[in-house]
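In the numbering used here, the protein residues as written are -3 to 32. First up is the structure itself, then whatever we jot down about it.
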């Protein structure tokens, strides 16, 4: 099942596993204001 990361107003589709990894990376770089 795909999930979506909202990043700077765009939705990025990814798998569950990738979602967790990408979210962790983006949060560490940009913080919670940029990523949801």
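Even for Gly, the Cβ is constructed at its ideal location relative to N, Cα and C.
State the Cα-Cα distance for the pair residue i and residue j, rounded to the nearest angstrom.
i          : j          : result
residue 20 : residue 29 : 14 angstroms
residue 6  : residue 23 : 16 angstroms
residue 17 : residue 4  : 18 angstroms
residue 25 : residue 2  : 15 angstroms
My output table needs one value for residue i: the three-state DSSP class, helix, strand or coil.
i          : result
residue 20 : helix
Less than 7 angstroms separating the beta-carbons of residue i and residue j?
i         : j         : result
residue 0 : residue 9 : yes
What does DSSP give as the partner residue(s) for residue i in the beta ladder?
i          : result
residue 45 : Any property of residue 45 remains undetermined from this structure, which presents the chain solely from -3 to 32.
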